[in-house]
Amino acid sequence: MTRLSSAFAKPHPALVCFITAGDGDTAANLDALVEGGADVIELGMPFTDPMADGPAIQAANLRSLGAGTTTADILLIANEFRERHPTVPLVLMGYANPMVRRGPEWFAAECAGCGVDGVICVDIPPEEDEALGPALRAHGIAPIRLATPTTDAARLPAVLEGSAGFLYYVSVAGITGKQQAEIGSIEANVRRIKQSTDLPVAVGFGVRTPDQAREIAQVADGVVVGSALVDLVGQFGAAAPAKMRELTSALAQAVHSSQ
Amino acid sequence: MSKQANSFRTQPDERGHFGQFGGRFVAETLMPLVLDLEREYRAAQADPAFQAEFDDLLEHYVGRPSPLYFAPGLTKELNGAQVWFKRDELNHTGAHKINNCVGQILLAIRMGKTRIIAETGAGQHGVATATVCARFGLPCVVYMGATDVARQAPNVFRMKLLGAEVVPVTAGAATLKDAMNEALRDWVANVHDTFYIIGTAAGPHPYPEMVRNFQSVIGKEARAQMLSRTGRLPDLLVAAIGGGSNALGLFHPFLDDPDVKMLGVEAAGHGLDKEHAASLLGGSPGVLHGNRTYLLQDADGQITEGHSISAGLDYPGIGPEHAWLKETGRVEYTAVTDDEALDAFQLLCRTEGIIPALEPSHAIAAVKKIAPTMPTDAIILANLCGRGDKDIFTVADKLGVEI
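In order, the protein sequence lines correspond to chains A and B.
Positions in the first sequence are counted from 1; adding 3 to them yields my numbering.
Positions in the second sequence are counted from 1; adding 1 to them yields my numbering.
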């Protein structure tokens, strides 16, 4: 079993936590997420042009790049995380250009070397898979795809083809950190997707509170929380880890006890 | 022998790739919409009624065909090749941008979309979009970097007069690329009713091809006009390049005329070794805003800011077809600095009584260098893609004149 499949094989839904690499004391924040009970970690790769992100993650990207974060720094953060937490799945999430800048082979090999389990690239749809997908698969890294409310039945097979790890269901047609979709629509879409795949389905975009997370965990295999955690870094800076542990713990309790 | 070797006019392929460039690098939420747009565009292309309405609006609303003009004063001054201009600055709204906006809004209406969004840098595309939205009664939101809002105040006011909502974008560096990011964020959240009118031949497929085709009216007219006036084709085409739509519009109908050379002119800003906006000459291939193309970027793939005296040229990317035309060698690319463009701006004012925009002033600066090296019976055709009214404040500032 891979680290990712183990995380989704637990007797409860998985809490997936996102923070942006290089924003604040990332190592301490990552440790706080694990201590709080996160089952999967998504580490955001900052990009100058995060066009799928709302204000919270945009600001985190700017803070990180403003502090001088490089790709080498991000890979080092990942590598050290893997040394401290041998079993917690780690996924890199970001945009195509920083990932393919030195070639997909280079990036995939670096990910494998740092113990990264999966990669979510926001702006490489299945139609452009060759830009990164083959290299990731060759190195045993799961290409994790996104499905959205606009991914209709005709298109879903193309999204699932070549996906691995889990499927990230984006609950709203929109950007990160904004409004949440109503639960009925989420439930119907997750059920629809699960009829076509054995991959676990995690739901994200707009999930900020334990109550929201609990509700979604009742109908999905995992819940992704990002903007609310990233906001803590913006708000509390060096004091963020304690706040992050607190919120993650509340989220984990809600998600893990939901079913 | 591949199709590509026979013709330069058959790109992109069915996936929207121009060689290794182009494509559809967008978030999943937008993919179904982009595919839908492509289907609808193909249907419109095959519909004579669509083309007829486009042609009618270009003739009676935009004022096409634009004149082909022999520039005697500039030709005499440069003492070399004959210089001719395609006068797209005489279009309604004062630039070539309107050609594309007419095409895209007809497509939006055909698709049943009820809300239009656009990004703008200098404001010309924003004004053109606001114009067609007023003409067809559709609400219009224009995203514009806060920096550009400040330095292009007349165009901001024009857009507002035309009924558009202008949203200043403060994210990032608050210029054109950030406006495009914000427009994409709007689009992804409003896919059900919103059509995004992209202003240049860039973005996800089918935009680069579609914008090029709408702008190709420039080259089609120019080719026929030149044949009719001189009995032959020009020796050299010259056009300025930001995203590259006016250049593609002029070049594309000539791409398979082997004796017609072409020169795209990027903005060298303060110089190619300093701050500039020359993605082809000073950038490298990458992925941004839906397509793989040449970008200004650092070693980690972070996008760097373009600089040009012309707000219409300071985008850190370029249409993917230009990237392909550069790699195939069919089109040559060069760059001129802010100062050279400023000189050319004044040169055209003085020799022809035409105040050009700062964008085509880059093309004129290149013409100024090349014309004297060519024989007097040679013909250069440059695209005068915009008029300079919007730039007089910038120019006055650079010349140290208070107005």
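Beta carbons are placed, not taken as given, at the ideal position from N, Cα and C, and that holds for glycine.
Quick caveat, the model's predicted, so the values are computed rather than measured.
Determine whether the beta carbon atoms of F255(B) and R293(B) lie at a separation below 8 Å. Here residue 255(B) is taken as the residue at index 254 of the second sequence, counted from 1. Here residue 293(B) is taken as the residue at index 292 of the second sequence, counted from 1. No, the Cβ-Cβ distance between F255(B) and R293(B) is not below 8 Å.
Out of S9(A), K13(A), M4(A), S8(A), state which residue places its alpha-carbon closest to the alpha-carbon of Q262(A). What you label residue 262(A) is simply residue 259 of the first sequence in a count that begins at 1. Nearest of S9(A), K13(A), M4(A), S8(A) to Q262(A), Cα basis: K13(A).
First and last residue of the alpha helix (DSSP H) that includes C427(B)? Beyond the ends of chain B as shown, which are 2 and 404, falls residue 427(B); an answer cannot be given.
Does the CB of T29(A) have a neighbour CB from chain B at under 8 Å? Position 26 of the first sequence, counted from the first residue, corresponds to residue 29(A). Closer than 8 Å: no.
Thinking Y70(B) and W85(B) are a contact (beta carbons under 8 Å), I'd like their distance in whole angstroms, please. On the second sequence, position 69 is the one that residue 70(B) refers to. On the second sequence, position 84 is the one that residue 85(B) refers to. That pair is a contact at about 6 Å.
For a contact meaning CB atoms closer than 7 Å, what does M54(A) contact in chain B? Counting from one through the first sequence, the residue named residue 54(A) turns up at place 51. The answer, in chain order, is N182, L185, R186.
Do the CB positions of D210(B) and I242(B) come within less than 8 Å of each other? Taking the first residue of the second sequence as 1, we reach residue 210(B) at position 209. Taking the first residue of the second sequence as 1, we reach residue 242(B) at position 241. Before going on, a small fix: residue 210(B) reads as Glu here, not Asp. The answer is no: Cβ separation not under 8 Å.
Taking the CB atoms as reference points, tell me whether F26(B) and G265(B) lie closer together than 8 Å. As a working note, residue 26(B) is residue 25 in the second sequence. As a working note, residue 265(B) is residue 264 in the second sequence. Cβ atoms of F26(B) and G265(B): not closer than 8 Å.
CA-CA distance, G270(B) and H363(B)? Here residue 270(B) refers to the residue found at position 269 when the second sequence is read from its first residue. Here residue 363(B) refers to the residue found at position 362 when the second sequence is read from its first residue. Using only the alpha carbons, I get a separation of about 10 Å.
Within the 8 Å Cβ cut-off, does A28(B) reach chain E? Among the protein chains of the structure shown, namely A and B, there is no chain E.
Between the C-alpha atoms of E1(A) and I356(B), what's the straight-line distance to the nearest angstrom? No information on residue 1(A) is available, as it lies outside the stretch 4 to 262 that chain A covers here.
Flag V170(B) as yes if its beta-carbon sits less than 8 Å from any beta-carbon of chain A, otherwise no. Along the second sequence, one-based indexing puts residue 170(B) at 169. Not an interface residue.
Please state whether DSSP places T5(A) in a helix, a strand or coil. For the purposes of this step, residue 5(A) is identified with residue 2 of the first sequence, where counting begins at 1. T5(A): coil per DSSP, three-state reduction.
Per DSSP, S261(A) forms a beta bridge with which residues? As a working note, residue 261(A) is residue 258 in the first sequence. Looking at the DSSP assignment, S261(A) forms no beta bridge with any residue, so it has no partner.
For N292(B), which of helix, strand or coil comes out of DSSP? Start at 1 with the first residue of the second sequence, and residue 292(B) comes out as number 291. Looking at N292(B) - three-state DSSP - the assignment turns out to be strand.
As an exercise, report each continuous beta strand (DSSP E) stretch of at least 3 residues that is fully enclosed by the stretch 19-64 of chain B, in chain order. 22-26
Which of helix, strand or coil DSSP assigns to N82(A): Locating residue 82(A) in the first sequence gives position 79, where the first residue counts as 1. Three-state DSSP puts N82(A) in a helix.
Give every residue of the same chain whose Cβ lies closer than 7 Å to the Cβ of L1(B), excluding the five residues on either side of it in the sequence, and list them in chain order. Since the first residue of chain B shown is 2 and the last is 404, residue 1(B) is not available in this structure.
What first and last residue would you give for the alpha helix (DSSP H) that runs through V236(A)? Locating residue 236(A) in the first sequence gives position 233, where the first residue counts as 1. 230-239 is the span of the alpha helix (DSSP H), which, as asked, contains V236(A).
With distance defined between alpha-carbon atoms, name the residue in T74(A), P152(A), T90(A) nearest to C114(A). Sequence index remark: in the first sequence, residue 114(A) carries index 111 (1-based). Ranking the options by Cα distance to C114(A), first place goes to T74(A).
First and last residue of the uninterrupted alpha helix (DSSP H) at E267(B): Position 266 of the second sequence holds residue 267(B). Element bounds for E267(B): not the alpha helix (DSSP H) but the beta strand (DSSP E), 262-270.
Note down, in chain order, each residue of its chain lying with its Cβ closer than 6 Å to the Cβ of Y208(B), except the 5 sequence neighbours on either side. Here the question's residue 208(B) lines up with position 207 in the second sequence. Closer than 6 Å at Cβ, skipping near neighbours: I199.
Could you please give me the residues that DSSP links to T23(A) through a beta bridge? Here residue 23(A) corresponds to residue number 20 of the first sequence, with the count starting at 1. According to DSSP, which records beta bridges pairwise, T23(A) is partnered with G47(A).
Can you tell which of E54(B), L107(B), A72(B) has its C-alpha closest to the C-alpha of L38(B)? If you number the second sequence from 1, residue 38(B) lands on position 37. The residue with the shortest Cα to Cα distance from L38(B) is L107(B).
In chain B, which residues lie less than 7 Å from Q61(A) when you measure between Cβ atoms? Position 58 of the first sequence, counted from the first residue, corresponds to residue 61(A). Under the 7 Å cutoff, chain B gives A172.
Min CB distance D155(A) to chain B below 8 Å: Along the first sequence, read from residue 1 onward, the residue named residue 155(A) stands at position 152. Yes, contact with chain B.
Should the stretch 47-57 of chain A be regarded as contacting the stretch 94-105 of chain A, the criterion being three or more beta carbon pairs within less than 8 Å? yes
So is the beta-carbon of T154(A) under 7 Å away from any non-hydrogen atom of the ligand NAP? Absence of the ligand NAP is noted for the structure shown, with no ligands found whatsoever.
CB contact below 8 Å: M32(B) versus chain A: What you label residue 32(B) is simply residue 31 of the second sequence in a count that begins at 1. Taking Cβ atoms only, chain A reaches closer than 8 Å to M32(B), which makes this a yes.
Excluding the five sequence neighbours on either side, which residues of its own chain have a C-beta within less than 8 Å of the C-beta of G27(A), listed in chain order? The residue labelled residue 27(A) in the question sits at position 24 within the first sequence. Answer for G27(A): R66, V236, G240, A241, A243, listed in chain order.
Can you give the Cα-Cα distance for I178(A) and H97(B), rounded to whole angstroms? Numbered from its first residue, the first sequence carries residue 178(A) at position 175. Numbered from its first residue, the second sequence carries residue 97(B) at position 96. Spanning the two alpha carbons is a distance of roughly 33 Å.
Closer than 8 Å, CB to CB, is G287(B) near chain A or not? Here the question's residue 287(B) lines up with position 286 in the second sequence. Answer yes: the Cβ-Cβ gap between G287(B) and chain A drops below 8 Å somewhere.
Run through chain B and tell me which residues come within less than 7 Å of E131(A), C-beta to C-beta. Here residue 131(A) refers to the residue found at position 128 of the first sequence. Going along chain B in sequence order, the residues near E131(A) (Cβ under 7 Å) are G24, R25, F26.
Do V103(B) and L36(B) have their CB atoms nearer than 8 Å? Translated into the one-based positions of the second sequence, residue 103(B) becomes position 102. Translated into the one-based positions of the second sequence, residue 36(B) becomes position 35. Contact flag unset, no.
Which residue from G143(A), P89(A), F84(A) puts its Cα closest to that of E108(A)? Numbered from 1 along the first sequence, position 105 holds the residue referred to as residue 108(A). Closest by alpha carbon: G143(A).
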